[in-house]
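Colleague:
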Amino acid sequence: MGLIIRIAKFYALSFFCLSVALFTALPTISAASAQNATSVVSDARVAGDMSRTRFILDMDAEVGYSLSFLSRPYRLVIDLPSVDFEFPREFAPRGRGLVKSWRYGAVSKGRSRVVLDLNSPVALDKTFLLPGVQDQPTRLVIDLIETSPDEFDAAVGRSVSHTLPVGAAASVAKVDAAEAKAPRVENRLPVIVVDPGHGGVDSGAVGSNGTLEKAIVLNFGRFLKQKLEELGHYQVYLTRDEDRFISLGNRTRIARAQNADLFISIHADSITSGAETTRGASIYTLSEKASDRMAHALARRENYSDVIGGVNFSDEPDEVTDILVELTRRETKNFSIHFARLVVEELKSATTVIKNPLRSAGFQVLKSHDVPSVLIELGFLSNNLDEKMLGSDEWRERVSDAIVQATNSFFQARIAQQ
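Taking mature numbering (1 follows the signal peptide of the UniProt record, and there is no 0), I'd label the letters of the sequence shown as residues -34 to -1, 1 to 384.
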């Protein structure tokens, strides 16, 4: 069923031609020296490694921006309208991955600039603006990938400018005509099964204001399915499309019956200790040994779903173990972890995530040995802020877009050949 997914990088640059003025040094300035600011930049961070790095600016409003490359040394220039840089008192710009260091300030009346000093040649993978949602700021997200010196030099002297509609994401990568007409690896579309957790007699977690997990995840699952289907790249199925109970074993059987290439189980967590301060999304993969106490406790709660639903465990088939199944299980685990990491990186730009958001435990619903599977906890219904946010249309748009972005990256090679 096409389990061996070749995750290929095939990014190409496409820029609008504009002149770029060379610029050598840019002194850091305080917020007080930026006059007539139309927006406040409150935070910035760099994430990733030497193969892929993400730069994020937190702002209080959406702004237009322009990106351009400079060489000798390698740099990426981010031009903005005049803004106030109001970083926390202890803030210090730090590099990571492909970004050696970075600096910021005003360059002229009505213009501000951020400059990334690069460790090596890079290409611009994608860039997008995420609108602010409740307590989440507007975010400018820039993804960089490593490239050759020749490809970098070809991009110097050209720039890309964006003023995006709310929630829209602009990918700079384009497939040329030769790639677009290449033969498909396989004829069928990748199959994704979205699994809204709980349902029916099993309401799942209950928020302090009475919000039911089973309702939140069903609405989100339907919305995510619609988002994925609109792309035309996937066949998408729900394990449930109404308020009814489905056993954990039947959820995995649905995925296997559909020859799924990816299984995404959607949940919302709840805790009693530390409920006021513990919030944010997290992503789980299967492991017989839990990564931490919270993951272990969560797996016990989620696996208790069958007890709540009155499942007769003697009716559940014994787990098959042989050398071929074990080899497949190992490979499936690797793909699951790969997808989970992609989701984590996208969610960091879209919503609040918990500390160390990538975790693992023995979730029964993730035990398909031949279907890459993850469980996404959207947030904590036990936290008032999370409970309110989980019911927000704007939040749902942002988080579903993040999962779609991660899914596209996971299936990148196959999408390119459709």
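Using N, Cα and C, we set each Cβ at its ideal position, and we do this for glycine too.
State whether the stretch 162 to 178 contacts the stretch 343 to 355, with contact taken as three or more CB pairs (one from each stretch) at a distance under 8 Å.
Modeller: Yes, they touch.
Colleague: Considering GLU195, what are the terminal residues of the alpha helix (DSSP H) in which it resides?
Modeller: Taken as a continuous stretch (DSSP letters only), the alpha helix (DSSP H) holding GLU195 covers 179 to 196.
Colleague: For GLY163, which of GLY76, TYR270, GLU112 and TRP68 has the nearest alpha-carbon?
Modeller: Among GLY76, TYR270, GLU112 and TRP68, the Cα nearest to that of GLY163 is on TYR270.
Colleague: Would you mind working out which of GLN224, ASP235, ALA256 and ILE111 sits nearest LEU356, comparing C-alpha positions?
Modeller: Ranking the options by Cα distance to LEU356, first place goes to ASP235.
Colleague: Within the chosen definition, does the stretch 247 to 256 reach the stretch 301 to 312 through at least 3 CB pairs nearer than 8 Å?
Modeller: Result yes; three or more Cβ-Cβ pairs closer than 8 Å.
Colleague: Hey, is the stretch 100 to 110 in contact with the stretch 67 to 79, meaning 3+ C-beta pairs nearer than 8 Å?
Modeller: Contact between the stretch 100 to 110 and the stretch 67 to 79 is absent, because fewer than three Cβ pairs lie under 8 Å.
Colleague: Inspect the CB distances between the stretch 46 to 60 and the stretch 3 to 18 and report whether three or more fall short of 8 Å.
Modeller: Flag = yes, the stretch 46 to 60 and the stretch 3 to 18 touch.
Colleague: Starting from PHE376 and walking both ways along the beta strand (DSSP E), at which residues does that stretch end?
Modeller: First-last for PHE376: 359 to 376, but that is the alpha helix (DSSP H), not the beta strand (DSSP E).
Colleague: Counting pairs of beta carbons, one from the stretch 320 to 335 and one from the stretch 357 to 372, are three or more of them closer than 8 Å?
Modeller: The answer is no - the stretch 357 to 372 does not touch the stretch 320 to 335, with fewer than three Cβ pairs under 8 Å.
Colleague: Are the CB atoms of GLY30 and GLY63 within a distance shorter than 7 Å?
Modeller: The answer is no: Cβ separation not under 7 Å.
Colleague: Is it true that the stretch 93 to 101 meets the stretch 19 to 36, where meeting means three or more beta-carbon pairs spaced less than 8 Å apart?
Modeller: The answer is yes - the stretch 19 to 36 touches the stretch 93 to 101, with three or more Cβ pairs under 8 Å.
Colleague: In the structure shown, what three-state DSSP assignment does GLY215 receive?
Modeller: Looking at GLY215 - three-state DSSP - the assignment turns out to be helix.
Colleague: For the putative contact between PHE189 and SER366, defined by C-beta atoms under 8 Å, what is the C-beta separation to the nearest angstrom?
Modeller: So it is a contact: roughly 6 Å between Cβ atoms.
Colleague: To the nearest whole angstrom, what separates the beta carbons of ARG222 and SER334, a pair I think is in contact under 8 Å?
Modeller: Right, their Cβ atoms sit about 6 Å apart.
Colleague: One question on the structure: do ARG20 and ILE111 come within less than 7 Å of each other, judged by their Cβ atoms?
Modeller: The answer is no: Cβ separation not under 7 Å.
Colleague: PRO162 lies in the beta strand (DSSP E); which residues open and close that run?
Modeller: Start and end: 157 to 162.
Colleague: Tell me which same chain residues have a C-beta within less than 8 Å of the C-beta of VAL370, skipping the five on either side of it?
Modeller: Cβ within range, chain order: LEU190, LYS193, LEU194 and LEU197.
Colleague: Let's see if you can read the secondary structure: which residues bound the alpha helix (DSSP H) around PHE329?
Modeller: Looking at the DSSP string, PHE329 is not in any alpha helix (DSSP H), and its letter there is neither H nor E.
Colleague: Please report the distance separating the alpha-carbon of SER32 from that of VAL160.
Modeller: SER32 and VAL160: Cα-Cα distance of roughly 37 Å.
Colleague: Given a cut-off of 7 Å on the beta-carbon distance, is the pair VAL126 and VAL81 in contact?
Modeller: No; because the gap between Cβ atoms is not below 7 Å, this pair is not in contact.
Colleague: Given this structure, state the Cα-to-Cα distance separating GLN224 from ILE320, to the nearest angstrom.
Modeller: For GLN224 and ILE320, the distance between alpha carbons rounds to 33 Å.
Colleague: Who does LYS255 pair with in a DSSP beta bridge?
Modeller: Note: LYS255 sits in no beta bridge, so no partner.
Colleague: Regarding PHE94 and the ligand ATP, is the C-beta to nearest heavy atom distance less than 6 Å?
Modeller: The ligand ATP is not part of the structure shown, which contains no ligands of any sort.
Colleague: Looking only at C-alpha atoms, which of VAL183, VAL337 and ILE182 sits nearest to ARG219?
Modeller: The candidate whose alpha carbon is nearest that of ARG219 is VAL337.
Colleague: From the DSSP output, which residues share a beta bridge with PRO47?
Modeller: The partner list for PRO47 (beta bridge, DSSP) reads ARG77.
Colleague: Once you ignore the five residues that flank THR317 on each side, which residues in its own chain have a CB closer than 7 Å to its CB?
Modeller: Here the set comprises GLN102, ALA247, TRP361, ARG364 and VAL365.
Colleague: Starting from GLU112 and walking both ways along the beta strand (DSSP E), at which residues does that stretch end?
Modeller: 104 to 112 is the extent of the beta strand (DSSP E) around GLU112.
Colleague: Please state whether DSSP places LEU344 in a helix, a strand or coil.
Modeller: Of the three classes helix, strand and coil, the one that applies to LEU344 here is strand, per DSSP.
Colleague: Going by Cα to Cα distance, which pick from ARG267, SER253 and ASN322 is closest to SER302?
Modeller: Minimum Cα distance to SER302 is reached at SER253.
Colleague: Inspect the beta-carbon positions of GLY165 and ARG210 and report whether they are closer than 7 Å.
Modeller: Yes, these two residues count as a Cβ contact at 7 Å.
Colleague: Count the other C-beta atoms from every protein chain shown that fall within 10 angstroms of the C-beta of GLY187, then say buried if there are 16 or more, exposed otherwise.
Modeller: By the 10 Å Cβ count, GLY187 comes out buried.
Colleague: Just mark ARG266 as buried or exposed, buried being the case when its beta carbon has 16 or more other beta carbons within 10 Å.
Modeller: Exposed is the call here.
Colleague: Quick one: grab the DSSP three-state call for PRO323.
Modeller: It is a strand residue.
Colleague: Quick check on ILE289: does DSSP put it in helix, strand or coil?
Modeller: Confidence at ILE289 is low in this model, with a pLDDT of 48, below 50, so its placement is unreliable and no value can be given for it.
Colleague: Helix, strand or coil: which one does DSSP assign to ARG266?
Modeller: The answer is helix: DSSP assigns ARG266 an H, G or I state.
Colleague: Return the CA-CA distance between ALA89 and PHE35, expressed in angstroms with no decimal places.
Modeller: If you take the alpha carbons of ALA89 and PHE35, they lie about 9 Å apart.
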